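Asks:
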Amino acid sequence: MEASQSSSNPSSSAATPAPNPNRNSNSILSSAPVWPTIDGPLGLTEEESLSYARRFYGFGYALLPWLWAVNCFYFWPVLRHSRSFPVIRPYVMKSAVGFSVFTSLLCSWALTFAIGGEQLFGPVWDKLVMYNLADRLGLTGWI
1 MEASQSSSNP SSSAATPAPN PNRNSNSILS SAPVWPTIDG PLGLTEEESL SYARRFYGFG
61 YALLPWLWAV NCFYFWPVLR HSRSFPVIRP YVMKSAVGFS VFTSLLCSWA LTFAIGGEQL
121 FGPVWDKLVM YNLADRLGLT GWI
């Protein structure tokens, strides 16, 4: 009797598909963040977020480009989702571009000195480096 019941159940259960838990078929809209900051509901409101994003972006030009990195990190949901928070997004995108340019310039400058060194700069190298500054100013003779 169990065999006759089990043989009828698999055919009926295979005919009915499992319900889809995601009722929204558009995955871009369903994944849009609700909060503009990484700390979610504990973070800032949208108006405060706009103010902070503007400040971080503006102060990044005042020789503090690491604030651009902070801006990108703190507003990661805005940076990640292109359709979310269109008022805040331009400041975060400009911060990402600014930090990328700053990082590439800093790395190329550091690698030029680290790899090139005296072979690249020749006799000017002694005036460019800072490790012999104490010798040039005569600060090592008094020790």
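According to UniProt numbering, the sequence shown is numbered sequentially starting from 1. Glycine included, C-beta positions come from ideal geometry on N, C-alpha and C. It should be emphasised that the depicted structure is a prediction, and the values quoted were computed from it without experimental measurement.
1. Assuming Phe102 is part of the alpha helix (DSSP H), what are its boundary residues?
2. Can you find the residues in the same chain that come closer than 7 Å, C-beta to C-beta, to Leu42, ignoring five residues on each side of it along the sequence?
3. As a quick exercise: from Pro86, Val34 and Leu105, pick the residue whose alpha carbon is nearest that of Ala53.
4. Could you check what DSSP says for Trp35 in three-state terms: helix, strand or coil?
5. Taking the alpha carbon of Thr45 as the reference point, which residue from Ala134, Phe56, Trp68 and Ile88 has its own alpha carbon closest?
6. Quick check on Tyr61: does DSSP put it in helix, strand or coil?
7. Spatial neighbours of Thr112 within its chain, please: CB distance less than 8 Å, with the 5 preceding and 5 following residues excluded, ordered by chain position.
8. For Lys94, which residues of its own chain have a beta-carbon under 7 Å away from its beta-carbon, when the five flanking residues on both sides are left out?
9. Rounded to whole angstroms, what is the Cα-Cα separation between Tyr131 and Ala96?
10. Would you report the Cα separation of Leu50 and Pro123, rounded to the nearest angstrom?
11. Would you mind working out which of Lys127, Glu47, Leu64 and Leu137 sits nearest Thr103, comparing C-alpha positions?
12. For Gly116 and Leu105, I'd like the C-alpha separation in whole angstroms.
Replies: The structure says:
1. Secondary structure note for Phe102: its alpha helix (DSSP H) is the uninterrupted segment Arg89 to Leu111.
2. Cβ within range, chain order: n/a, list empty.
3. The shortest C-alpha separation from Ala53 is found at Pro86.
4. If DSSP states are grouped into helix, strand and coil, Trp35 belongs with coil.
5. Ranking Ala134, Phe56, Trp68 and Ile88 by Cα distance to Thr45 puts Ile88 first.
6. Correct three-state label for Tyr61: coil.
7. Correct list, in chain order: Leu120.
8. Hits under 7 Å: Tyr57.
9. About 34 Å.
10. When rounded, the distance between both Cα atoms is 51 Å.
11. That would be Leu64, whose Cα lies nearest to the Cα of Thr103.
12. Approximately 16 Å between the Cα atoms of the pair.
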